[in-house]
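Inspection log for the structure reproduced underneath, given as structure tokens.
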Amino acid sequence: MSWEVVIGLEVHCQINTKTKAFCGCSTEFGAEPNSQTCPVCLGMPGQLPVLNDEAARKTILTGLAINANINLESKFDRKNYFYPDLPKGYQISQFAVPIVEGGYIDIPTKNGEKRLGVTRIHMEEDAGKSMHEGLDAVSHIDLNRSGIPLMEIVSEPDMRSADEAIAYLKQLHQIIKFLGVSDADMEKGQFRCDANVSVRRPGEPFGTRTEMKNMNSFRFIKQAIEFEVLRQIEIIEDGGEVKQESRLWDSVKNESRSMRSKEEAHDYRYFPEPDLPPLRVTQEEVDAIKAGMPELPNQLRKRFETEFGLSAYDADVLTQTQSLAQWYEALVAAHPANPKQCANWLANELLGRLKELGKDITESPVSAQALASLLDRIADNTISGKIAKDVLDAMMESGKDVDTIIDEKGLKQVSDTGAIDAMIQEVLDANPEQVEAYKGGQDRLFGFFVGQVMKASKGKANPAMVNQRLKELLG
Amino acid sequence: MDIDVKKIANLSRIRLTDDEATELAPQLNSIMGYIDKLSEVNTDGVPPTAHPHDVAMPQRADIVTNTDCRDALQKPAPRTESGLYVVPKVIE
Chain A
1 MSWEVVIGLE VHCQINTKTK AFCGCSTEFG AEPNSQTCPV CLGMPGQLPV LNDEAARKTI
61 LTGLAINANI NLESKFDRKN YFYPDLPKGY QISQFAVPIV EGGYIDIPTK NGEKRLGVTR
121 IHMEEDAGKS MHEGLDAVSH IDLNRSGIPL MEIVSEPDMR SADEAIAYLK QLHQIIKFLG
181 VSDADMEKGQ FRCDANVSVR RPGEPFGTRT EMKNMNSFRF IKQAIEFEVL RQIEIIEDGG
241 EVKQESRLWD SVKNESRSMR SKEEAHDYRY FPEPDLPPLR VTQEEVDAIK AGMPELPNQL
301 RKRFETEFGL SAYDADVLTQ TQSLAQWYEA LVAAHPANPK QCANWLANEL LGRLKELGKD
361 ITESPVSAQA LASLLDRIAD NTISGKIAKD VLDAMMESGK DVDTIIDEKG LKQVSDTGAI
421 DAMIQEVLDA NPEQVEAYKG GQDRLFGFFV GQVMKASKGK ANPAMVNQRL KELLG
Chain B
476 MDIDVKKIAN LSRIRLTDDE ATELAPQLNS IMGYIDKLSE VNTDGVPPTA HPHDVAMPQR
536 ADIVTNTDCR DALQKPAPRT ESGLYVVPKV IE
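From first to last, the protein sequence lines are chains A and B. Each residue of the first sequence is one higher than the last, beginning at 1 in my numbering. Each residue of the second sequence is one higher than the last, beginning at 476 in my numbering.
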């Protein structure tokens, strides 16, 4: 009998505000240790937190983007635990009444779209950073991160495979980037994930789950979930019981291990944060935030498919980031005749070349206007598609415009009948045996002649005209 | 309700001797008993109180107002090194 995998995800996402959640300290990354702290985020006695309105606005915007309800009144609570990077001895979070509840994200699957529930999004503050490496009996603490605003996005246990979990995370990551509510740089820990994993026989109640903590790479998350699923199945099939616990993924050894020390600390003794009265927002404020919402990746993908006739694949590639989608739209605006050709040249030719240079679209040395004029030169038969690739190389390198490069390199396509006929005659004269054979019925040799003529023209002959004139001249 | 004094003390990082725990248990239990009296009140249809004052939360604009005061802030710390706080080793 088969096993069914059940996965729920918690994502911690750093909100990209200029200042911390409850004080006016800068959140800039990479500052001198402890240079961005104050009595509030250091947990000095008698200090009072004051909420950053931008953190609330961005959390509401995220909630609206995943079709959730916004609680017009939400509350803050204290989550109590002891750790040196948490100077107050508690984290301000939202436990009883979060600001966002009940949304969903649609992911593509082999059997069409699947809707995955989002239970809630709440605001909380980050802890500081502890460093242990290379230190003997001590740890070092940097509290610059202490108090930076986070959103915790909690899903329903709706995913049934590691692939669905990754699809959900990628979709969420993309939405967050489109909204501009977080830089979501995974390497900097600005988008990190805990995965709750359990297995059961189909139709039975949920099995005991384990929690894989604090993962910040899609690849590791997939590996960790797949490892955990196999580990649990093995335990159960061997007659054992899965123990509810937190586990840590070791990406070097490719295995997870139990975090036993965390277990006792799980009694967080939440209680209402007495320093913060309820957060109230009006429906008008929520509506105003909604009015400013940008087009989301899903909407954009569908629009690219219907408006420009792109394949689902191309639409997906071109909507990976907002800047890429905007670049594509600028390209189509400048070369409206053929949006599909625009997509091909952008996705295959330009992005490929940029990738080799380690650049993204915002750093492209060739502008959308410049690429459009290259496509114009293909369309008006000045150059062939093949030559155009060489021209694009030259444009990337020199930054010169299309026409200058075509002139300088003498790449203009030869569409003059006289010149093409002369080249064809030369080829025919040089290959009398092949001409005989062709006339004797070996039709396949036609391609040979076309190739020879194109070669003689250094690729500059208009291929359609070569075909046409060859047919006529070979009789 | 019977309170596990040792557990609460451990979660709060308060070191108690067995004698102290034995002495505190009835005191804490009587406080809990006093609070339990509240559950005798019928609160059907009364929304939970989040805060004793009926005010909405004031908020601040997202503008940096604090400057680097590390030297002054680290003065009370028992030990620092290159701007980092130094604490007894903690590791998972």
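Beta carbons: idealized from backbone N, C-alpha and C, even for Gly.
- Query: Which class does A:M465 belong to by DSSP, given the choice of helix, strand or coil?
  - Reply: helix
- Task: Tell me whether the beta-carbon of A:T62 lies closer than 8 Å to the beta-carbon of A:I121.
- Result: yes
- Could you list which residues in chain A have their beta carbon closer than 7 Å to that of B:N541, in chain order? C23, G24, C25, C38
- Task: Can you tell me which of the three DSSP states A:K79 falls into?
- Result: Three-state DSSP puts A:K79 in a strand.
- Item | Buried/exposed call for A:F227, threshold 16 Cβ in 10 Å | buried
- Item | CB-CB length for A:P65 against A:L179, believed under 8 Å | Correcting the residue type first, residue 65 of chain A is Ala in the shown sequence and not Pro. That belief holds up - the Cβ atoms of A:A65 and A:L179 are roughly 6 Å apart, short of 8 Å.
- Item | Distance between A:L116 and A:G484 (C-alpha atoms, nearest Å) | Nothing about residue 484 of chain A can be reported from this structure: the residues present for chain A run from 1 to 475 only.
- Query: So, is the C-beta of B:L486 closer than 8 Å to a C-beta in chain A?
  - Reply: yes
- Message: For the ligand COA, I want to know if A:A288 counts as a neighbour, meaning its beta carbon is within less than 7 Å of at least one of the ligand's heavy atoms.
- Response: Because no ligand of any kind appears in the structure shown, any question about the ligand COA cannot be addressed here.
- Task: Drop a sphere of 10 angstroms on the beta-carbon of A:S139, count the other beta-carbons inside from all chains shown, and report buried for 16 or more, exposed for fewer.
- Result: buried
- Message: Would A:I420 and A:I383 qualify as a contact pair, given that the criterion is a beta-carbon distance under 8 Å?
- Response: No. Outside cutoff.
- Query: What are the boundary residues of the alpha helix (DSSP H) that includes A:F191?
  - Reply: Element bounds for A:F191: not the alpha helix (DSSP H) but the beta strand (DSSP E), 191-200.
- Which first and last residues belong to the alpha helix (DSSP H) in which A:H140 is found? Looking at the DSSP string, A:H140 is not in any alpha helix (DSSP H); the run it does join, the beta strand (DSSP E), is 138-142.
- Query: What distance in whole Å lies between the Cβ atoms of A:V450 and A:N431, which are believed to be in contact at a cut-off of 8 Å?
  - Reply: Between A:V450 and A:N431 the Cβ distance is about 13 Å, and since that is not below 8 Å, they are no contact.
- Determine the closest residue to A:K243 out of A:W249, A:M259, A:L296, with distance taken between C-alpha atoms. A:M259
- Message: When you compare the CB of B:D479 with every CB in chain A, is at least one pair closer than 8 Å?
- Response: no
- Message: Tell me the residue span of the beta strand (DSSP E) that contains A:N214.
- Response: 210-215
- Under a three-way DSSP split, which group does A:L51 fall into? A:L51: strand per DSSP, three-state reduction.
- Query: What's the gap between the Cα of A:G399 and the Cα of A:K412?
  - Reply: 19 Å
- Item | Three-state class that DSSP yields for A:L135 in the structure shown | coil
- Task: Please decide whether A:H140 counts as near chain B, where near means a Cβ-Cβ distance under 8 Å.
- Result: yes
- Bridge partner(s) assigned by DSSP for A:V414: A:A461
- Are the CB atoms of A:I378 and A:K460 nearer to each other than 8 Å? no
- Measure from the C-beta of B:Q502 to each C-beta in chain A and report whether the shortest distance is under 8 Å. no
- Task: Figure out for me which residue from A:E436, A:W345, A:D376, A:V281 has the closest Cα to the Cα of A:R57.
- Result: Nearest C-alpha to A:R57 among A:E436, A:W345, A:D376, A:V281: A:V281.
- Could you check the C-alpha separation between B:S514 and A:R209 for me, to the nearest Å? B:S514 and A:R209 have their C-alpha atoms roughly 34 Å apart.
- Message: Let me make sure I understand the geometry here. Which of A:A195, A:G475, A:N462 has the alpha-carbon closest to that of A:G440?
- Response: A:G475
- Mark A:A422 as exposed unless 16 or more other C-beta atoms lie within 10 angstroms of its C-beta, in which case mark it buried. exposed
- Query: So which residues of chain B does A:L179 contact, with C-beta pairs closer than 9 Å?
  - Reply: Against chain B, the beta carbon of A:L179 has no neighbour under 9 Å; the closest one sits roughly 16 Å away.
- Message: Which complete alpha helix (DSSP H) runs does the stretch 229-315 of chain A hold, if anything under 4 residues is left out?
- Response: Whole alpha helix (DSSP H) segments, 4+ residues: 283-291, 297-308.
- Task: Taking all protein chains shown into account, decide if A:P274 is buried (16 or more other Cβ within 10 angstroms of its Cβ) or exposed.
- Result: Burial is judged here by how many other beta carbons sit within 10 angstroms of a residue's own beta carbon; A:P274 has fewer than 16 and is exposed.
- Task: May I ask you to list the residues that DSSP assigns as paired with A:Q91?
- Result: As a beta-bridge residue in DSSP terms, A:Q91 pairs with A:K79.
- Message: Whether or not the stretch 31-44 of chain A and the stretch 517-526 of chain B are in contact is what I'm after, with contact meaning three or more pairs of Cβ atoms, one per stretch, closer than 8 Å; do they touch?
- Response: no
- Query: Under 8 Å between C-beta atoms, does B:P533 make it to chain A?
  - Reply: yes
- Message: Is there a C-beta anywhere in chain B that falls below 8 Å from the one on A:R353?
- Response: no
- Item | Nearest-angstrom Cα separation, counted from B:I478 out to A:P157 | If you take the alpha carbons of A:P157 and B:I478, they lie about 34 Å apart.
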